[in-house]
Amino acid sequence: MTRDPRPRGVCTKCHLEAQRAVDPYPQLAGTPKQAVWAAQIRYRQAKAWRVECETRPELEPALSVLDTQLSARWWIDHRISSLDIVSRELAMQGLDTPAMVC
């Protein structure tokens, strides 16, 4: 069972609105709970992937997935993926510049 990402006593809608205020990336599509969880994943992955780019600058083009991937499900499915894995996946799909990947 996954832990509810909301602070105790805060409704999902209110939490999602507060999350949007601090999340610099576009809103994610999915159920409210998925969107909240996926936004947290994307935020955490953004930090980790930027660090990964410091040692492997060739992966930097794949960072555009932060702005272009709007599916909450995609972020949840890739919550433990390194940027290298995402970059390879995008290359296998023939995407030079990441776009909406489902």
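Going left to right, the sequence shown walks through residues 9 to 110 as my numbering numbers them.
Backbone N, C-alpha and C define an ideal beta-carbon position, used for all residues, glycine too.
- Sequence-distant Cβ neighbours of residue 57 in its own chain, meaning closer than 7 Å and more than five residues away, are 71 and 91.
- Residue burial is scored here from C-beta neighbours: residue 60 has at least 16 other C-beta atoms within 10 angstroms and is therefore classed as buried.
- Straight-line measurement puts the Cα of residue 53 at about 7 Å from the Cα of residue 87.
- Residue 72 sits in a helix when the DSSP states are folded into three classes.
- Each of 101, 89 and 82 was checked against the Cα of residue 42, and the nearest Cα belongs to 82.
- In the three-state DSSP reduction, residue 95 falls in the helix class (H, G or I).
- Going by beta carbons, residue 37 and residue 89 fall outside the 8 Å limit.
- In the DSSP assignment, residue 58 falls within the unbroken alpha helix (DSSP H) covering 40 to 63.
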